[in-house]
Amino acid sequence: MLKKFNNMVSKINYFFGYLSGLGIFVMGILIFFEVIARYLFHSPTVWSQEISIYLFIWTMFAGAAYTLQKGKHVHIDLLINKFPKNIQSMLRLITSVAALCFTIIVCKQGYRIVASSIKYHKLSPTPLHLPMVIPKFALLFGFILLMLQFVVIIINECNFILNSKKV
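With the working numbering as the guide, the letters of the sequence shown map in order to residues 4 to 170.
In structure tokens:
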């Protein structure tokens, strides 16, 4: 059961990590197009910057859990590496539980922000007038993915600690 959960979260994170990479690529094309339109044809677009910003927000939040899964977030392990493996695992467990608590708080607040944007039909103050729920939902969505990944990390660290005590 736990292995299925781990695999499911891993596949979800991989999918959104891939989409994040694709989003960064599309964002690069949009910015390139804007530069060409602005400086070569003297005809800037009104939509390119806002779409690029929205893509940036979504790629960062949707890709955060994948980055966490791969262990690529910035972390300082100078002190942690001096401890034995079981202590390192215990420290990772403690920090992951704290991070899980933080993600739960952000998800609760994110839900309120998204609900407010939907309720009041908030629009961006730009010529496109895109719904503000689009970038705000990215925060909630990204933190839900992070929350799931922290649960996986906590389960894995607990298994490591329990199995290391048996040996």
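The beta carbon of each residue, even a glycine, is placed where N, CA and C say it ideally should be.
Beta-bridge analysis with DSSP links PRO134 to LEU126. Considering only LYS111, GLN112 and LYS139, the residue with the shortest C-alpha distance to HIS124 is LYS139. Shown here for ILE121: same chain residues with a beta carbon closer than 8 Å to its own, the five before and five after excluded, namely VAL136 in chain order.
Apart from the 5 residues on each side of it in sequence, CYS110 sits with its Cβ closer than 7 Å to the Cβ of LEU143, PHE146, ILE147 and MET150 in its chain, given in chain order. ILE97 is the residue among LYS85, ALA118, LEU43 and ILE97 whose C-alpha sits nearest the C-alpha of ILE158. Look at LEU142 here: in three-state DSSP terms it is helix. Apart from sequence neighbours up to five positions away, the residues of its chain that approach LEU5 with a beta-carbon distance below 6 Å are ILE158, ordered along the chain.
The straight-line gap separating the alpha-carbon atoms of TYR21 and MET30 is approximately 14 Å.
In the three-state reduction of the DSSP assignment, PHE64 falls in the helix class. Shown here for GLY113: same chain residues with a beta carbon closer than 7 Å to its own, the five before and five after excluded, namely LEU142, LEU143 and PHE146 in chain order. With a cutoff of 7 Å on beta-carbon distance, LEU33 and SER46 are scored as not near each other.
Inclusion of THR62 and SER23 in the CB contact set at 7 Å is warranted, their separation being smaller than that value. The C-beta distance from LEU103 to PHE153 rounds to 4 Å, short enough to fall under 8 Å. Around the CB of VAL77, fewer than 16 other CB atoms lie within 10 Å, so the residue is classed as exposed. Of the candidates VAL100, ALA65, GLU53 and GLY26, the residue whose Cα lies closest to the Cα of ILE156 is VAL100. DSSP, reduced to helix, strand and coil, places SER99 within a helical segment of the structure shown.
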